[in-house]
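Note that the sequence shown covers residues 12 to 271 in our numbering. Structure record follows, encoded as structure tokens.
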Amino acid sequence: MKFAVPFLLAASVQAASVQGNSPLCPIDTPISCSTTTFDDSCCFESPGGVILQTQFWDYDPATGPSDSFTLHGLWPDNCDGTYHQFCNDLLNIEAANIKTIIGSEFNDQALLSKMETFWKNYDGPDTLLWEHEFNKHGTCINTNSPACYGSNFKKDENVYNYYRIAFNLFEKYPTYQFLTDAGIVPSNEQTYTFDQISEALSSNFDGHSVYFNCDHENALQEVWYFHHMQGPLISESFVKIDSLTQSGCSRTGIKFIPKT
Numbered sequence: 012m013k014f015a016v017p018f019l020l021a022a023s024v025q026a027a028s029v030q031g032n033s034p035l036c037p038i039d040t041p042i043s044c045s046t047t048t049f050d051d052s053c054c055f056e057s058p059g060g061v062i063l064q065t066q067f068w069d070y071d072p073a074t075g076p077s078d079s080f081t082l083h084g085l086w087p088d089n090c091d092g093t094y095h096q097f098c099n100d101l102l103n104i105e106a107a108n109i110k111t112i113i114g115s116e117f118n119d120q121a122l123l124s125k126m127e128t129f130w131k132n133y134d135g136p137d138t139l140l141w142e143h144e145f146n147k148h149g150t151c152i153n154t155n156s157p158a159c160y161g162s163n164f165k166k167d168e169n170v171y172n173y174y175r176i177a178f179n180l181f182e183k184y185p186t187y188q189f190l191t192d193a194g195i196v197p198s199n200e201q202t203y204t205f206d207q208i209s210e211a212l213s214s215n216f217d218g219h220s221v222y223f224n225c226d227h228e229n230a231l232q233e234v235w236y237f238h239h240m241q242g243p244l245i246s247e248s249f250v251k252i253d254s255l256t257q258s259g260c261s262r263t264g265i266k267f268i269p270k271t
């Protein structure tokens, strides 16, 4: 496998806009899940060609800012909606090292601060959730494998890029704002319909359906945004698609409980 391909004519390649290494892949690299014949595993994400940006609304216990969903993770599902997990033990990281990787090795205190605010673990240290998300899902993103970075790979660069890109994508979807702009506000009395929430999210996702789920109280609990991807993960070339999962909320009486 390779990430940094030989230099080609400018018309035939595209450079990913990233910090550090910039891999070059053919400009006509197909979008993930559009073919089964493209054989460059560093430029074409497979089998996990469906990329999910997932968010929590944790109200009990109240976790994270009261006016924002929190980041759950960045997941590579297979094109048929199934998924692999914990794909490569050799790439696993430990919770105790993550803050050092982000804040010291890559000197990104701004990212670390945002993660500490918005990437929250409701029942333990945040770093345990971060570790879990990378080891379970991040190790399954083949285009972010260290082998794809070539000879200029910097130790833990794949780890840093996973967290950086996961947060970048999270920031593109301010779910709380999407809902409140549509009049769907946290309340202990008011309830909402499935269609109200679906429309509020879809209208901010280019008309594509967005997955949302409710807990045993029929209270909104999580939201997932689905994508395909063109090129490697660090290109951040995400293509919005309809949800591949059926939402698990009732048609009426959906609660949006305040974080108090």
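Each residue gets a CB set at the ideal place from its N, CA and C atoms; glycine is no exception.
Could you check which residue in the options has the C-alpha nearest to that of residue i?
i, options, result
"G75", "A193, Y171, E200, D134", "D134"
"S254", "I42, C90, W68", "C90"
"F129", "T263, E200, W68, C260", "W68"
"H148", "D226, Y94, F49, Q207", "Y94"
"Q120", "R175, F164, D71, N163", "R175"
"G59", "N118, Y236, E144, D88", "D88"
"Y236", "N146, T40, I62", "I62"
"G84", "T256, N215, G259, F178", "F178"
Whole-angstrom Cβ separation of residue i and residue j, contact assumed at under 8 Å?
i, j, result
"L102", "I113", "With a Cβ gap of about 16 Å, L102 and I113 do not count as contacting."
"Q64", "T81", "Rounded, the Cβ-Cβ distance is 12 Å, inconsistent with contact."
"I265", "L231", "6 Å"
"E142", "I195", "Contact doesn't hold; Cβ gap of about 33 Å is too wide."
"I152", "L244", "5 Å"
"F189", "A211", "5 Å"
"S258", "Y222", "6 Å"
Start and end of the beta strand (DSSP E) containing residue i?
i, result
"W235", "231-240"
"Y184", "Here Y184 belongs to no beta strand (DSSP E), and DSSP marks it neither H nor E."
"S108", "Rather than Ser, the amino acid found at residue 108 in this sequence is Asn. Premise fails: N108 lies in the alpha helix (DSSP H), 106-111, not in any beta strand (DSSP E)."
"C36", "35-37"
"V250", "249-251"
"Y160", "Careful: Y160 lies outside any beta strand (DSSP E) and carries neither H nor E."
"C53", "Run containing C53: none; DSSP gives neither H nor E here."
For the alpha helix (DSSP H) that residue i lies in, which residues bound it at each end?
i, result
"D141", "Reading off the sequence, residue 141 comes out as Trp, not Asp. Here the alpha helix (DSSP H) through W141 covers 137-147."
"I6", "Nothing about residue 6 can be read from this structure; the chain reaches only from 12 to 271."
On the three-state DSSP scale, how would you describe residue i?
i, result
"R262", "coil"
"H83", "strand"
"E116", "helix"
"T191", "helix"
"S124", "helix"
"L63", "strand"
"Y133", "coil"
"C151", "helix"
"F1", "Not covered by the structure: residue 1. The range shown for the chain is 12 to 271."
"T88", "Rather than Thr, the amino acid found at residue 88 in this sequence is Asp. Reduced to three states, the DSSP call for D88 is strand."
"T256", "coil"
"I245", "helix"
"I42", "strand"
(message) With three or more beta-carbon pairs closer than 8 Å as the criterion, would you say the segment 41-55 touches the segment 162-172?
(response) Here the segment 41-55 makes no contact with the segment 162-172; the two share fewer than three CB pairs at distances below 8 Å.
(request) Could you tell me whether the segment 240-250 touches the segment 33-46, where touching means 3 or more Cβ pairs closer than 8 Å? (result) Yes, the segment 240-250 touches the segment 33-46.
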